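Working notes, beginning with the structure itself.
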Amino acid sequence: MSIPANIAEGHERNRTREFARFLSYAKGSLAEVETLLLLAFKLDFIANDAVDELLKQAAEIGKMLNGLFRSTGVKTSEISRTTSRKS
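So the sequence shown is residues 65 to 151, counted in this note's numbering.
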């Protein structure tokens, strides 16, 4: 839920750099999801074929987020240098 929520929140800020910052948060949330999927697999809560499919879907979402981030024209270095993690 945090991935689309971050995208929506950033879009409502009506500033390109803010939108890019929230896209960066969404990418972080995606990494959290991937980590939790791998942990669930290691703990035998999810089957191998199911986790493989979900990780493929996560990779596609990552590509979409990267494309959306690139479309803002903001460089990653501009985000990390001028903003801090949202509270």
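Where is the CB? At the ideal position from N, CA and C, for every residue including glycine. For clarity, every value in this text was computed on a predicted model and none was experimentally measured.
For residue j and residue i, the rounded distance between their alpha carbons
i           : j           : result
residue 103 : residue 122 : 15 Å
residue 80  : residue 124 : 23 Å
residue 66  : residue 93  : 6 Å
residue 71  : residue 83  : 7 Å
residue 105 : residue 77  : 37 Å
residue 107 : residue 75  : 37 Å
residue 112 : residue 126 : 21 Å
residue 109 : residue 95  : 19 Å
residue 117 : residue 136 : 29 Å
residue 134 : residue 68  : 17 Å
First and last residue of the uninterrupted alpha helix (DSSP H) at residue i
i           : result
residue 115 : 112-136
8 Å contact criterion, which residue i and residue j should meet: CB distance rounded
i           : j           : result
residue 115 : residue 100 : Contact flag wrong, Cβ pair sits at about 10 Å.
residue 98  : residue 119 : 6 Å
CB contact below 9 Å: residue i versus chain B
i           : result
residue 100 : Absent from the structure is chain B; it holds one protein chain and no more.
If we count Cβ pairs, one from each stretch, closer than 8 Å, do we get three or more for the region 80-94 versus the region 128-144? yes
Quick one: which unbroken alpha helix (DSSP H) runs of 4-plus residues sit fully inside the region 72-115? Chain order, please. 80-106
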